[in-house]
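Everything below concerns the one structure shown next.
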DNA sequence: CAAACCGGTGCAGAAAACGCACCGCTATGT
DNA sequence: ACATAGCGGTGCGTTTTCTGCACCGGTTTG
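Chains as they are written, first to last, in our numbering: chain A, 252 to 551; chain B, 252 to 551.
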């Protein structure tokens, strides 16, 4: 699209950090690119780049413009897919930033079911922590985020929230396997593994330990991979902690999950959300609606 | 702005109804304009105009594009005023579509107070009925709407709602002037004036009459101007009906207002809203926040 | 059935964008 | 201390794009 060329150049310069570097990437002369940038700034009425000795950098006005550019590009993509819909073709793309816990079972099942009805729709799914997911939303790099509390950004619009009590995952022959609800003190009295502090599970556990005993928890194994922890718990007979939505017990014959007593540890909130005020592409909006339905039935 | 030229031409053609007429309006040759339109359609991938014997008309894809164009233009304006803010200048423009009732006292007071703090901000204020106001929002012709229930459009995002019991307005020496709350049957037993059916006041009165007595109300004078009705009530000693937010009794020595008993007539809801999902220009967002504060204190 | 409009096209000239060569400046590395 | 490499910016001739003019074929209108 001709009229978005300037925007592409601006983003190119931003990426490359200098006009000259960008000019190579974009197959154009540095002088021509320079003139386009200057001309744009002139028409726009404000400079958008700071000129530094070794290149350029966006100034605050440029940052605002950048957000507009991304919003504009995203809305244009939405428009095109909407128009494509008119011609009877059901296409589209959905990009999701989600917590690791959703990757093994929940999302694959959801997406494959959705694609059964809409085979033309493609997906991008990436594991992101809360902060990253929020940033991706605001940069229009992801349409939908599915992460755990707490959030830091005001632009994250929560569309659906769902409480998730932390579960202990352990072998069937573990001493605690008989309980229906596990007290935190019991769980911690056994060797256990726990995620690092950037994960909501760990934060909730630490909160509880601090509230109950003013202490910190001391996992024998710490990891950023829930997959690893779950498997490790199986090998060395440890207690692992996880949100139930990340579990699919039918497929784990030797492992079972039991909820921690909510008197000890408050449940985490799984949040489905998008960038505040954004009109999602049709496919993403549809898929989000499906997600809400699935999550709602998950409540039981 | 160079890159919005195509959009301006498209809107020009839409307005004029034909390429030739639009070409005159926009000081360009018909052939050149025709080629721009064709080229845009080619790049866009879809035709956006239906070619008719006497001109052109938007097709469904064009309608979608039109909405994108308007959203895009509005967001660009927001961006520019936001950038202007960076330079220390507090400028901006606020456009409001509101019910007639807000025009005499409420909005002038609000706006003048706001302009006291921000003299650079300009305003457009228009009286619109609900349907028109909703349409203006969706066409980005107005930023803010302040109207009474009920709404018909899903894209109207209610930001603040406030119950307004209908008041009877009459002369101080009217027989009902002594009451603190007026029963509907009493009010209707006197000569009265009422707005036409497109106004919420009338709808609520009719609903009440239908519910209570399965009848319709029979005003002696019917008008679309609340100003006229209020003044007429003064001249011929009649009962007039109005929402209290449209009244400023200190300035009407000879008139008083008394609420209708809420057992008879349900209150109307005054709704402050904007187009769903839209990011308002800074000035409009600010003014809306002020409006909310004022309305909230009005509750007492 | 002619006149009035309509969208579309061929062609030549105007305007905009571009590539090349080069300038002045500054951080960097020897 | 000084050459160098990398940066943004500029003058100029060339290429690409856009525009205006004249004109075509088709349809409605009076």
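From the three backbone atoms N, C-alpha and C, an ideal C-beta is built for every residue, glycine too.
| query | Roughly how many angstroms lie between the CA atoms of residue 488/A and residue 499/A, to the nearest whole one? | reply | In the first chain, counting from the first residue as 1, residue 488/A sits at position 237. In the first chain, counting from the first residue as 1, residue 499/A sits at position 248. Going by the C-alpha atoms only, they are around 19 angstroms apart.
| Which residues of chain B have a Cβ atom closer than 7 angstroms to the Cβ of residue 294/A, listed in chain order? | Locating residue 294/A in the first chain gives position 43, where the first residue counts as 1. Under the 7 angstroms cutoff, chain B gives 252 and 253.
| contact_flag[the segment 300 to 309 of chain A, the segment 306 to 317 of chain B] where n(CB pairs < 8 angstroms) is 3 or more | Three or more Cβ pairs closer than 8 angstroms define a contact, and the segment 300 to 309 of chain A falls short of that threshold against the segment 306 to 317 of chain B.
| query | Can you give, in chain order, each stretch of the beta strand (DSSP E) that sits fully within the segment 380 to 451 of chain B and has at least 3 residues? | reply | List check, beta strand (DSSP E) in window: 395 to 399, 407 to 415, 418 to 422 and 444 to 446.
| task | Using beta-carbon positions only, say whether residue 508/B and residue 419/B come within less than 8 angstroms of one another. | result | Numbered from its first residue, the second chain carries residue 508/B at position 257. Numbered from its first residue, the second chain carries residue 419/B at position 168. In terms of Cβ geometry, residue 508/B and residue 419/B form a close pair [threshold 8 angstroms].
| task | List in chain order: all unbroken beta strand (DSSP E) runs of 3+ residues lying wholly within the segment 481 to 546 of chain A. | result | DSSP runs (the beta strand (DSSP E)) wholly in the segment 481 to 546 of chain A: 491 to 493, 506 to 510 and 519 to 526.
| Among the residues of its own chain, which have a CB less than 6 angstroms from the CB of residue 407/B, if the five just before and after it don't count? | Here residue 407/B is taken as the residue at index 156 of the second chain, counted from 1. Around residue 407/B: 385 and 524.
| query | Excluding the five sequence neighbours on either side, which residues of its own chain have a C-beta within less than 8 angstroms of the C-beta of residue 506/A, listed in chain order? | reply | Start at 1 with the first residue of the first chain, and residue 506/A comes out as number 255. So the qualifying residues of the chain are 420, 421, 422, 423, 481, 484, 485 and 500.
| query | Taking the C-alpha atoms as reference points, what is the distance between residue 448/B and residue 495/A? | reply | Here residue 448/B refers to the residue found at position 197 of the second chain. Here residue 495/A refers to the residue found at position 244 of the first chain. In this model, residue 448/B and residue 495/A are separated by some 56 angstroms (Cα to Cα).
| said: Counting only Cβ-Cβ distances shorter than 7 angstroms, please list the residues of the segment 301 to 324 of chain A near chain B, keeping chain order. | reply: Residues of the segment 301 to 324 of chain A that bring their beta carbon within less than 7 angstroms of a beta carbon in chain B comprise 311, 312, 315, 316, 319, 322 and 323, in sequence order.
| said: Any C-beta of chain B within less than 9 angstroms: which residues of the segment 518 to 532 of chain A qualify? | reply: Residues passing the 9 angstroms Cβ filter: 527, 528, 529 and 530.
| query | What are the residues that DSSP puts in a beta bridge with residue 295/A? | reply | The residue labelled residue 295/A in the question sits at position 44 within the first chain. None, per the DSSP bridge assignment.
| task | Note the first and the last residue of the continuous alpha helix (DSSP H) segment covering residue 254/A. | result | Within the first chain, numbered from 1, the residue matching residue 254/A stands at position 3. For residue 254/A, no alpha helix (DSSP H) encloses it, and the DSSP letter there is neither H nor E.
| query | Leaving out five residues before and five after residue 539/A in sequence, what residues of the same chain have Cβ atoms less than 6 angstroms from its Cβ? | reply | Counted from its first residue, the first chain places residue 539/A at position 288. Within the same chain, and ignoring the five residues on either side of residue 539/A in sequence, the residues whose Cβ sits closer than 6 angstroms to its Cβ are 395.
| task | Return the residues of the segment 254 to 271 of chain A that lie within a Cβ-Cβ distance of less than 9 angstroms from chain B, sorted by chain order. | result | So the list reads 254, 255, 256, 257 and 258, given in the order they occur along the chain.
| Using the rule of at least 16 other Cβ atoms within 10 Å of the residue's Cβ for burial, across every protein chain shown, is residue 414/B buried or exposed? | The sequence position of residue 414/B within the second chain is 163, counting from 1. Around the CB of residue 414/B, fewer than 16 other CB atoms lie within 10 Å, so the residue is classed as exposed.
| field | Backbone secondary structure at residue 310/A - three-state DSSP | value | Looking up residue 310/A in the first chain gives position 59. Residue 310/A falls in the coil class under three-state DSSP.
| So, is the C-beta of residue 327/A closer than 8 angstroms to a C-beta in chain B? | By 1-based counting over the first chain, the position of residue 327/A is 76. With 8 angstroms as the cut-off, residue 327/A counts as an interface residue toward chain B.
| field | Contact set between the segment 331 to 358 of chain B and chain A, restricted to residues whose Cβ is under 9 angstroms from the partner | value | Answer in chain order: 331, 333, 334, 335, 337 and 338.
| Under a CB-based cut-off of 8 angstroms, is residue 483/A close to chain B? | Here residue 483/A refers to the residue found at position 232 when the first chain is read from its first residue. No, residue 483/A lies away from the interface with chain B (no Cβ there is under 8 angstroms from its Cβ).
| message | Does residue 319/A come out as helix, strand or coil in the three-state DSSP assignment? | response | Sequence index remark: in the first chain, residue 319/A carries index 68 (1-based). In this structure, residue 319/A counts as helix in the three-state DSSP scheme.
| Shorter than 8 angstroms from the beta carbon of residue 365/A to some beta carbon of chain B? | For the purposes of this step, residue 365/A is identified with residue 114 of the first chain, where counting begins at 1. Not an interface residue.
| message | From the DSSP secondary-structure annotation, give me the bridge partner or partners of residue 287/A. | response | Working through the first chain from its first residue, we reach residue 287/A at position 36. Residue 287/A is not bridged to any residue.
| message | For a test of the three-state rule: what should DSSP assign to residue 476/A, helix, strand or coil? | response | Looking up residue 476/A in the first chain gives position 225. Residue 476/A sits in coil when the DSSP states are folded into three classes, being neither helix nor strand.
| field | Per-residue DSSP class, three states only, for residue 305/A | value | Within the first chain, residue 305/A is the residue found at index 54, counting from 1. Of the three classes helix, strand and coil, the one that applies to residue 305/A here is coil, per DSSP.
| message | Looking only at its chain, what residues have a beta carbon closer than 6 angstroms to the beta carbon of residue 551/B, apart from the 5 residues adjacent to it on each side? | response | For the purposes of this step, residue 551/B is taken as the residue at position 300 of the second chain. Low confidence applies to residue 551/B: its pLDDT is 45, below 50, so where it sits in the model is not reliable enough to give any reading.
| query | In this structure, does DSSP put residue 362/A in helix, strand or coil? | reply | Numbered from its first residue, the first chain carries residue 362/A at position 111. In the displayed model, residue 362/A falls within a helix according to three-state DSSP.
| Counterpart residues of residue 373/A in DSSP-defined beta bridges | Here residue 373/A corresponds to residue number 122 of the first chain, with the count starting at 1. Paired residue(s): 344/A.
| Is the segment 360 to 368 of chain B touching the segment 286 to 299 of chain B, taking contact as three or more C-beta pairs under 8 angstroms? | No, they do not touch.
| request: Indicate the three-state DSSP secondary structure (helix, strand or coil) for residue 356/B in the structure shown. | output: The sequence position of residue 356/B within the second chain is 105, counting from 1. It is coil, neither helix nor strand.
| request: Would you mind stating whether residue 320/B and residue 270/B have Cβ atoms separated by less than 8 angstroms? | output: Along the second chain, one-based indexing puts residue 320/B at 69. Along the second chain, one-based indexing puts residue 270/B at 19. No, they are not a contact pair.
| query | Expressed to the nearest angstrom, what Euclidean distance is found between the alpha-carbon atoms of residue 322/B and residue 359/A? | reply | Taking the first residue of the second chain as position 1, residue 322/B is located at position 71. Taking the first residue of the first chain as position 1, residue 359/A is located at position 108. Pairing residue 322/B with residue 359/A, the inter-Cα distance amounts to about 35 angstroms.
| said: In whole angstroms, give me the CA-to-CA distance for residue 354/B and residue 342/B. | reply: Against the second chain, residue 354/B aligns to sequence position 103. Against the second chain, residue 342/B aligns to sequence position 91. Spanning the alpha carbons of residue 354/B and residue 342/B requires a straight line of approximately 23 angstroms.
| said: Here's a check: name, in chain order, each residue in its chain whose Cβ is nearer than 7 angstroms to the Cβ of residue 268/A, leaving out the five neighbours to either side. | reply: In the first chain, the residue the question calls residue 268/A occupies position 17. Excluding five sequence positions before and after residue 268/A, the CB atoms of its chain that fall closer than 7 angstroms to its own CB belong to 306, given in chain order.
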